[in-house]
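With the first letter of the sequence shown counted as 1, position 125 gets the number 796 in the working numbering; the numbers rise by one all the way through. Every residue gets a Cβ at the ideal spot worked out from N, C-alpha and C, and that includes glycine. Here the structure is laid out as structure tokens; the discussion comes afterwards.
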Amino acid sequence: MNYLLRGIGVLAATGTVVALAFTLPPGVARGDGGENLLPRLSHKAWQEECGSCHVAYPPSLLPKASWRKLMGGLDQHFGENASLDPAVQADILRFLETHSADSGAGRAGGKVLRRMEKNAAPLRITETGWFVHEHDEVPRAAWSRKSVGSKANCSACHRQAEQGNYNEDAVRIPK
Numbered sequence: 672m673n674y675l676l677r678g679i680g681v682l683a684a685t686g687t688v689v690a691l692a693f694t695l696p697p698g699v700a701r702g703d704g705g706e707n708l709l710p711r712l713s714h715k716a717w718q719e720e721c722g723s724c725h726v727a728y729p730p731s732l733l734p735k736a737s738w739r740k741l742m743g744g745l746d747q748h749f750g751e752n753a754s755l756d757p758a759v760q761a762d763i764l765r766f767l768e769t770h771s772a773d774s775g776a777g778r779a780g781g782k783v784l785r786r787m788e789k790n791a792a793p794l795r796i797t798e799t800g801w802f803v804h805e806h807d808e809v810p811r812a813a814w815s816r817k818s819v820g821s822k823a824n825c826s827a828c829h830r831q832a833e834q835g836n837y838n839e840d841a842v843r844i845p846k
């Protein structure tokens, strides 16, 4: 897998100029750096269908088995009927599986999996060990604020979530 990284650097000891150039895998847009920056993915159906009700959650936050369960139960998706045309549903599922936590596509997935039991298939990102660990300093009362709504509303605090930036330095918990 190749990644986009362009730059020119000078090795201090030798004065040698080093140029780096890589390309991103298909469907991944370049982010702006940062420890918690997830690759900003582009997939039209995923963004339109999933993103019409909530943030189109980064696929690397759940393993393939979770995405299969979620996409297989869209008629009762957390109390809503989110059914899709079967071809669109299959297309989105392929995309989610390709970029899932256990696909090997990025560091974020590895972090998620390290805090998950083998073969686990949680339906909620907010119930994963990774999420709980990353949000352990958020006061319990903050989740129920009207301005936040729930743990699933990433963009309430992560204002750049749509761009794949979940860096804690950019978090603003609304009052």
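Checklist entry - Of all the options Ala772, Arg778 and Ser713, which has the alpha carbon lying nearest to the alpha carbon of Ser731? => result The shortest C-alpha separation from Ser731 is found at Ala772.
Next on the checklist: If you follow the alpha helix (DSSP H) that Thr769 is in, where does it begin and where does it stop?
Outcome noted: Run containing Thr769: Pro757 to Thr769, per the alpha helix (DSSP H) assignment.
Checklist entry - Taking buried to mean at least 16 other C-beta atoms within 10 Å of its own C-beta, is Val803 buried or exposed? => result exposed
Checklist entry - How is the alpha helix (DSSP H) around Gly744 delimited, first residue to last? => result It is not in any alpha helix (DSSP H) - Gly744 carries neither H nor E in the DSSP assignment.
Next on the checklist: I'd like to confirm something about Leu794: is its beta-carbon nearer than 7 Å to some heavy atom of the ligand MN, or not?
Outcome noted: In terms of ligand content, the structure shown is empty, and the ligand MN therefore cannot be addressed.
Item to check | Nearest candidate by alpha-carbon position, reference Ser737, set Ser815, Ser826, Gly835 and Ala792 | outcome: Ala792
Checklist entry - Can the beta-carbon of Ile796 be found less than 8 Å from the beta-carbon of Leu709? => result no
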